[in-house]
Every structure is written in C-alpha cells, then in structure tokens.
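Protein chains in written order, with our numbering: chain C, 1 to 274; chain H, 1 to 642.
Cβ atoms here follow ideal geometry from the backbone N, Cα and C, with glycine treated the same way.
Predicted model, so just to flag it, every value in this text is computed and none were measured.
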Amino acid sequence: MVKEYDNLDSHGEQTLSLRLRVWRQNRGAAGHFEDHALAAVPTSASFLEMMDMLNEQLIKEGKDTFAFDHDCREGICGMCSMTINGMPHGPLPGVTTCQLHMRNFRDGEMITVEPWRAKAFPVIKDLAVNRSAFDKVIQAGGFITVRTGSATEANNTLIPKPVADEAMDAAECIGCGACVASCKNGSAMLFVGAKINHLNILPQGQPERERRTLAMVKTMDDAGFGNCTNYGECQAHCPKSITLDVIAKLNRDYLRARVKEFFSSTGKPRKGGD
Amino acid sequence: MKLESKIPAGPVADKWNNHKAKLRLVNPANRRKYHIIVVGSGLAGSAAAASFAEMGYEVSCFCYQDSPRRAHSIAAQGGINAAKNYQNDGDSVRRLFLDTIKGGDYRAREANVYRLAQVSTSIIDQCVAQGVPFAREYGGLLANRSFGGAQVSRTFYARGQTGQQLLLGAYSALSRQIGAGTVKMYTRHEMLDLVLVGGQAKGIVTRDLVTGEINAWASDVVVLCTGGYGNVFYLSTNAQGCNVTATYRAHRRGAGFANPCYTQIHPTCIPVHGEDQSKLTLMSESLRNDGRVWVPKDKADCTKPASEIPEERRDYFLERKYPSYGNLAPRDIASRAAKEVCDEGRGVGQVVDGKRLGVYLDFSAAIKRLGEPAIRERYGNLFDMYENITGENAYRQPMRIFPAVHYTMGGLWVDYNLQSNIPGLFVGGEANFSDHGANRLGASALMQGLADGYFVLPYTVTDYLAGVGLTGRPSVDAPEFKAAVKEVQDRTQWFLNNKGNRSARSYHKALGKIVWEQCGMARDKAGLEGAIRDLQALRADFWKNIRVVGSGDQLAPELERAGRVADFLDFGIMMCLDALHRDESCGGHFRTEYQDGGEAKRNDDQFAHVAVWAWQGDGQLPARHTEPLVYEDVQFTTRSYK
Chain C
1 MVKEYDNLDS
11 HGEQTLSLRL
21 RVWRQNRGAA
31 GHFEDHALAA
41 VPTSASFLEM
51 MDMLNEQLIK
61 EGKDTFAFDH
71 DCREGICGMC
81 SMTINGMPHG
91 PLPGVTTCQL
101 HMRNFRDGEM
111 ITVEPWRAKA
121 FPVIKDLAVN
131 RSAFDKVIQA
141 GGFITVRTGS
151 ATEANNTLIP
161 KPVADEAMDA
171 AECIGCGACV
181 ASCKNGSAML
191 FVGAKINHLN
201 ILPQGQPERE
211 RRTLAMVKTM
221 DDAGFGNCTN
231 YGECQAHCPK
241 SITLDVIAKL
251 NRDYLRARVK
261 EFFSSTGKPR
271 KGGD
Chain H
1 MKLESKIPAG
11 PVADKWNNHK
21 AKLRLVNPAN
31 RRKYHIIVVG
41 SGLAGSAAAA
51 SFAEMGYEVS
61 CFCYQDSPRR
71 AHSIAAQGGI
81 NAAKNYQNDG
91 DSVRRLFLDT
101 IKGGDYRARE
111 ANVYRLAQVS
121 TSIIDQCVAQ
131 GVPFAREYGG
141 LLANRSFGGA
151 QVSRTFYARG
161 QTGQQLLLGA
171 YSALSRQIGA
181 GTVKMYTRHE
191 MLDLVLVGGQ
201 AKGIVTRDLV
211 TGEINAWASD
221 VVVLCTGGYG
231 NVFYLSTNAQ
241 GCNVTATYRA
251 HRRGAGFANP
261 CYTQIHPTCI
271 PVHGEDQSKL
281 TLMSESLRND
291 GRVWVPKDKA
301 DCTKPASEIP
311 EERRDYFLER
321 KYPSYGNLAP
331 RDIASRAAKE
341 VCDEGRGVGQ
351 VVDGKRLGVY
361 LDFSAAIKRL
371 GEPAIRERYG
381 NLFDMYENIT
391 GENAYRQPMR
401 IFPAVHYTMG
411 GLWVDYNLQS
421 NIPGLFVGGE
431 ANFSDHGANR
441 LGASALMQGL
451 ADGYFVLPYT
461 VTDYLAGVGL
471 TGRPSVDAPE
481 FKAAVKEVQD
491 RTQWFLNNKG
501 NRSARSYHKA
511 LGKIVWEQCG
521 MARDKAGLEG
531 AIRDLQALRA
541 DFWKNIRVVG
551 SGDQLAPELE
561 RAGRVADFLD
571 FGIMMCLDAL
581 HRDESCGGHF
591 RTEYQDGGEA
601 KRNDDQFAHV
611 AVWAWQGDGQ
621 LPARHTEPLV
631 YEDVQFTTRS
641 YK
C-alpha cells in the first residue's frame, strides 16, 4: 500500500465497479438484503463516501436511501458502525469504517454491508442501531464525582507518567460498539473494561472504585450484553486497538469489589466520594 | 434591535469578580422548580447541563447524535490553553488575554476575553479532577506544549485527542446527572424552532429523528450550545451533522447573528482529492512544531517527486515571510500564505478543478535531528491517519497539506452574560460570537466551550432565572407552541411531498463551491456581490426542485439534510453580505482590496464594531446593526508576526 518516494503526479484516479449487498430494515419490521450495483467509485473515496454515492444513485431512482450512522468521519466520534464483509469496521486493523478507503477493495468485488448485530443493539433502520445501552453503563458509574467548581489545584495530584499513559490508552475507547458486534457472546466487556481501567487506576478514581465497578457491571448485565469467554474478537476489531488485558483488569477489580463487599460490615461496598 | 453589551464597569481585571458578586441567586429549594433546556451536548452544552443539574435545576438536554459523547468537540486534537504558567516562561492571565485579543485582530470584546483567560485555570483543575488523562512529566506534574502562534507553553494536551478526553470528561459529568435523574437526555432529537412567549425564549420544537414525532418543550430558559456553521462550505473539517439550523431558527425568531463572515481556515488539512469527497481531515497544528512548510521555487518542479527537488530549489515560504514565527505563524496568516503560493501555480499534488492545491509539510529535518522514533512518539497517530487517507507514508515523503474551513468565530450575538438579544435565550461555545474576534488562536476553542459551560452560564443563567421568578413558564398548550409545532410540521410535510429531481447533497455542494470561491480565504466586492446573486438563484431552485426520499415516521437522513441545507442557503447569503459590508481586512476576513503587501489592513476608524444581522422575512436580505467595540485597556496595534 505504501509507495516509497511516490511520484506525486501519478495520482491517476482509479475507479471500481462494485456489487453491494446491503441490509435493509424498517423500524419494527423484519430485515433483508438488497443488491445494488455501483460503478465509478474512486479508490481514494472513503467507504462512507462510497455509501453516499450509492444513496445519491438511489435518490435519482426515487428510492429510499440506506440510513447509516456517521458523523465526524475522522475516526474519533465512534458513530459509524458497519459490519463489512462480516467484519465490524471492515478488514483493516485499527481503523473505523469512516477511515476505511476504497483502495482496499478490488474491482468487481461483492461487498456485504450489515449493521452491528447484537441483542443489546436493536436495529433502528437499515444500518443504524441503538447503542444507548452503552450510555446507561456510563451513567451507572463511568465517572468521577466532582461538582463543578470544587476541584483543587490541578498539580496537587501527582500522577506518574506511566499511570497517566496507561489511563490514556484505555480512555482512547470511542464507544463505537465494534467489540460487542464482533463478539459471539455480544459482550461489552472490552468497552466496560476500558472505562474501568481509565478511571480505576487514577488517584482521583480511587474513592469510588468499588461502587463504580459493581454498578457498571450490573448495568452491563442488565442491558443484555453477554460475558467474555476469551474469543478475543473484540481486540481484533477494536478501531482503537484496545487490548484484552482491560478485561482481565475489569475481572480483577470486580472480584476485589465483591470481596470487599462481602467482608464489609454492611454487606455493601464501602461508600466513598458521596 | 437593542444591543446592550452589559459590560460591567471598572478595570478589566476586576469586571468578572465584581459582576459575579452582584448577580442574583436562586434559593436551593427553588432551583428544582425551574426548567432549563440545553440544546447541544458538546463541551459547552454538556458542561452547562451537568453544572445546572448539580446546582439543583431541572434540566433537559437535546442532541442530534445517538449519544452526547459524539458531539464534534470530540475531534479537537491539539490542546487547551490555560494561564497556569507551570513552565515559568512568563505566562499570566494578562498575557493570555493580550494574545487572544491580538490573535482575534482586535475584533473581540475585551471584557469577555479577559474573563476567558481568568477562568482558564479553573478548567484545568476541573478536568484533572474528572480524570482527564492529560500528558504528564515523569515527576507526575502536568506537561505543556507551545501551540499555534503562542510564545509561551500554555497548552495542556492528551496525545492528539485532547478534545475527545475533555468531552468524555464533560460527558461523564453529564452522565452522572442523567443517571441521577436530574438531567433528561434526548438523543437523536433535532431542534427545529425556538418558541417565544411574550418576547422571551420559553421553549423549543424538536423532531425525534427515529420516530419522526414533532414535539414542543416548555422551559424557563433556553441555552443553545449547538456549535458553528463551518459546513456552509460543504467541505470542512466539521462532522457531517454539524449545522446552523438551531442558531438560524433562533435568528429567524429575532436573535441577532454577529459577524457571520468571520470563519477560520485551518492551514494543515489533507488536500481535496476529488468530486465525491464529503469531508476534509485536519492534521493537528502541532505538526507545525516539527514540520517545515515549502513549495518548489519554480513551477516546473511542481510535477516532480519531492525527493528530486534539491534544497536550494525549495521555498520555505513561512520561514521566509515571517522569520520570528516561521512555521508557527497563526492560522489565518499561514493559510493565506499557502493559498498565495498555490495561486502562483507553485502548488503540489494532484490537479483538482484545474489547480494543484497543496503545499509540503516536511519532517525530514526533524527526523534527521531527533530520529524517527521521537517523531513517531509525538505524531504517530497523525502519520497513521494520513497514510490511511492518502496511502502515503509521511516518514518517507513530505505530507501534502492545504487549508480547510475549520471553525467559525461568528455566531449568535450575546451580551457579557452570554444572553442573546432575546431575553431567556443564552448561547455558549462556538455557537456564540464573543471571544475570538476575527480569528481564533489554536487551543482556544476547547477553553471557551468549557469556560462558558462550567464557569459563566451557571452564574448568568441563575441571575436571569432569579429575575423572571417562578411563574414564568408557559404550558406547551399555549398558542405560541401550537403555532410553532404546526410550522415545523408543514415544512417537514412540504419536503416529503415536493416532487423535485435534485438531492439535498447536490445543492449543498453547489452552495459550498460558491462560498468557498467567493467568501473563503480571500474575498472582494465583485465576487461577493456575484455570490449573493448566485446563492439567491440556487435558493429559488432549491425550493422548486428539491427531492427528499424516505418517510416522515422513521429515520430519514435526506429529510434532515434538506432542512439543514435550506437554512445553510439562507445563512450563506447572510455570510456573504456581512463580508461585503465589512470594508476592511481583519483576521480570517481578507478583502483583497484592503491589504498592505499581502497583510490584512484593518480599518479601526470605521469597523471597530460587531456587525449584527437582524432577520427581515423569508427571502429578504437581513438588516445590519452594530455594537461598537470599546477598548478601555488595550491599544489597537497592527498585528505583525514578522
């Protein structure tokens, strides 16, 4: 893919003719695949620009377009969510759908495009799904309680660089849900583990560490997400390359919180931060 | 139009503290009886909604995305400024204030900017407490870098994802309140009108994007934090959904729109590659810390690979023209310089629309000096992103960059309290006009969004609520709400029924082309007049031939797009009109008639004012009003980075 000392003048635009098999589903109805042919797709276009072209073609024909979620188109908002040829976000590792470019496909190729498939992510229309279960998990405990205006001077809290870096590695999660979509169990543990790792290793996150962990895990279970059985698909498809060890640490912190809960006099986790 | 800036008396450094001491309060037991609507969930919106709820108010927050965490604040890369002076390099509140005023080319309101610099330090404290993983030094203290035209290191950052981390911080605070039941969050809802009762903002009308339901919501106050209007240019670094509809609908209800012609063109974006492109991607400005910007001296070299152009045949034009700032010259200046060399025919990269629009950003010197691993550590994610999009490896050949629309300094007019000229309508973040003048400095947008949301609106909105009292909230059955809902329903139905033949996207592209050519990096009278005529014709065509597919009772992206493009068309006309009437150059507004050897030439005698546009009716040109900019503390000087 990388051309050394590219002749910058040689960008003769190559184009592809594609066959597309795209999921069509209206709210409250059963879904099915629809086949479309699309010609003259520039290899420099992004996957979503290719979908725009398909939709423009449908508008010309007076047909309904395919609804899909997307916003920033630069790989950070986490809104785009397509399963491309069976792989969430498509074939490239560490890349969101919006950052996937058509030069990664072949002329004449058949591309299958589906929504995230998971019990906890019902389809809204076509390729768009409802991921509000992720928000509910964060609302249950994915925060540090700090009222506006009550913070102390920032440099009073010393955080060793390796700890800050590790927290940042986990905090890079964009909440897209590819981990859930790729998992046989529909597990959200990579997502939850990332947030737990971000907050539970920082000094600011200690007072609420146990209650955060217990509340997030309970909400995750209630939302219909499955559990981790170490398939590792989530790690392979995470566009931010978040690794399985966040799940190990989630399990460790969950165990730690349950043990503390068991041995506490009230049978409830030690209250902190309230 | 009544435009009272309500700037408090006294020395600029004391204004905010004195003002805060005089603002009225609401008894904690009464706060839950007030309902605050916040539209938008980016930095300003999330921060404001969370803070209001913590204070005890009943809050409803609306966003068009599927989660508040998606708001486009998330895409900011470089960092956030704060006058902490942790580096002992001479920074102070006053220095940040002066830099921002100068960066804005003396077209911002002095008192607002001073307040922004003052609260900047509290923002960092707040974000660290929330767990935002800012970059650290080995001793555990916060790290800083120098950024975008500043001579001190006052920028705090979290790798290349500062906006993401700050937004996730604000989102976590907001989520805590949603979980506690004090904020009701309405995602996938788009605000389509503002409702006034008795001349005061008392609610909004929204469309549920999933079910198509159109609903009215009543409140005691409405806070718009709905971002900027950069997508009027079609191609910009904004997210696809960013739109002007919320602020433009408020404008149609009487809110003044200030300085719409002030738009920021960011110098370091990946160049346009073709007709079907939907978006331009920003490469963080921090790249200019180590990259050198150049083009061939000779047009004939433009088709050669960079490696075949020897050092002496390269023109490092920023270093040549601005020796003291070099590659770090502010955004508007660096952008214009790149446009100039490309207009001379010395651009590089592929030909689009008959021109090569690109300049090199070359890291070879930095790689030689620091080694590739050091550059990878600093900018690895950006180099990867560049390779994803262009298929080129920037460790081996220079990046190609070109300016792109990035941020809009104009916005709804607000007074010192961030209240628009409609009582009860407050505006925060990029959606208002107040702090950046005619050009925004790097790492200041995040600062302003959070300053408004965490530390200004909670005080000023409280003061307003204390003034209106507890009996002010109308019912959604009031005739004003019913009429507004009907208008929105009729407009929606009209779009769905119209038997046109042209898509909203194609109108949007046509609009973008006109404003980018005539109201982009360089503007002139004849071009702007032509653009207004062209836009009026395009608008007329739109209202005849628009085709909207889909149905009104479920997710209908084409319906959403059509409504937004309709407002962008009207807005584009107002933007060009504003540029036409500002007979001077300042910051991002460069009128070719007013220059001093390529540098912007201000006209302080006639244009040291805010231009505020009032809506005059459908298809009518808006009317221009002014608010004089009174500088009590700072002297006007010519902005020079040479």
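Under the rule that 16 or more other beta-carbon atoms within 10 Å means buried, what is residue i, buried or exposed?
i      : result
M50/C  : buried
F156/H : buried
S312/H : Checking the sequence shown, residue 312/H turns out to be Glu, not Ser. E312/H should be labelled exposed.
G619/H : exposed
S265/C : exposed
T219/C : buried
T206/H : buried
L470/H : exposed
Just the Cα atoms here: how many angstroms apart are residue i and residue j?
i      : j      : result
F52/H  : V461/H : 9 Å
M574/H : N439/H : 19 Å
T229/C : A170/C : 20 Å
L418/H : F257/H : 13 Å
R491/H : L192/H : 10 Å
Y325/H : Y106/H : 20 Å
L202/C : L214/C : 18 Å
L535/H : G572/H : 7 Å
N393/H : M399/H : 8 Å
K3/C   : L92/C  : Below a pLDDT of 50, predicted positions are generally treated as unreliable, and K3/C, at 36, falls in that range; the measurement from the model is reported next regardless. Rounded to the nearest angstrom, the two C-alpha atoms are 18 Å apart.
Q139/C : R32/H  : 21 Å
V180/C : P122/C : 12 Å
P382/H : S286/H : The amino acid occupying residue 382/H in the given sequence is Leu; Pro does not appear at that position. Near 10 Å, if we compare the C-alpha coordinates of S286/H and L382/H.
Q606/H : G520/H : 23 Å
F455/H : A40/C  : 52 Å
R95/H  : V132/H : 26 Å
G272/C : K260/C : Low confidence applies to G272/C: its pLDDT is 49, below 50, so where it sits in the model is not reliable, and the reading given next is rough at best. Each residue's Cα considered, the two are about 13 Å apart.
V610/H : K601/H : 17 Å
R188/H : S46/C  : 25 Å
L244/C : L190/C : 7 Å
F317/H : V129/C : 49 Å
G228/H : A531/H : 21 Å
G212/H : D553/H : 4 Å
N243/H : V39/H  : 13 Å
A412/H : D91/H  : At residue 412/H the sequence reads Leu, which differs from the Ala that was named. In a straight line, the C-alpha of L412/H is about 31 Å away from that of D91/H.
L8/C   : V232/H : Low confidence applies to L8/C: its pLDDT is 34, below 50, so where it sits in the model is not reliable, and the reading given next is rough at best. Cα-Cα distance, rounded: 31 Å.
P310/H : R145/H : 32 Å
L168/H : I74/H  : 8 Å
L58/C  : W494/H : 21 Å
Measuring CB to CB, does residue i end up less than 8 Å from residue j?
i      : j      : result
Y322/H : A111/H : no
A218/H : F481/H : yes
N227/C : S187/C : yes
V222/H : G428/H : no
H625/H : M55/H  : no
A48/H  : A484/H : no
H589/H : A108/H : no
R523/H : A443/H : no
G42/H  : G449/H : yes
P115/C : T83/C  : yes
F402/H : V359/H : yes
Give the C-beta separation of residue i and residue j to the nearest angstrom, bearing in mind that I take them to be a contact with Cβ-Cβ under 8 Å.
i      : j      : result
L496/H : L559/H : 7 Å
S120/H : M447/H : 5 Å
A117/H : F97/H  : 4 Å
D126/C : F33/C  : Between F33/C and D126/C the Cβ distance is about 11 Å, and since that is not below 8 Å, they are no contact.
Inside the segment 532-589 of chain H only - alpha helix (DSSP H) runs reaching at least 4 residues
557-581
At what residue ranges does the segment 162-244 of chain C contain a whole run of the alpha helix (DSSP H), taking only runs of 4 or more?
178-182, 189-200, 209-222 and 233-237
At 3 residues or longer, what runs of the beta strand (DSSP E) sit wholly inside the segment 21-98 of chain H?
35-39 and 58-62
What are the uninterrupted segments assigned as alpha helix (DSSP H) that are 4 or more residues long and contained completely in the segment 322-351 of chain H, given in chain order?
331-343
Anything in the segment 94-128 of chain H with a Cβ closer than 7 Å to a Cβ of chain B? List those residues in chain order, please.
Absent from the structure: chain B. Protein chains present are C and H.
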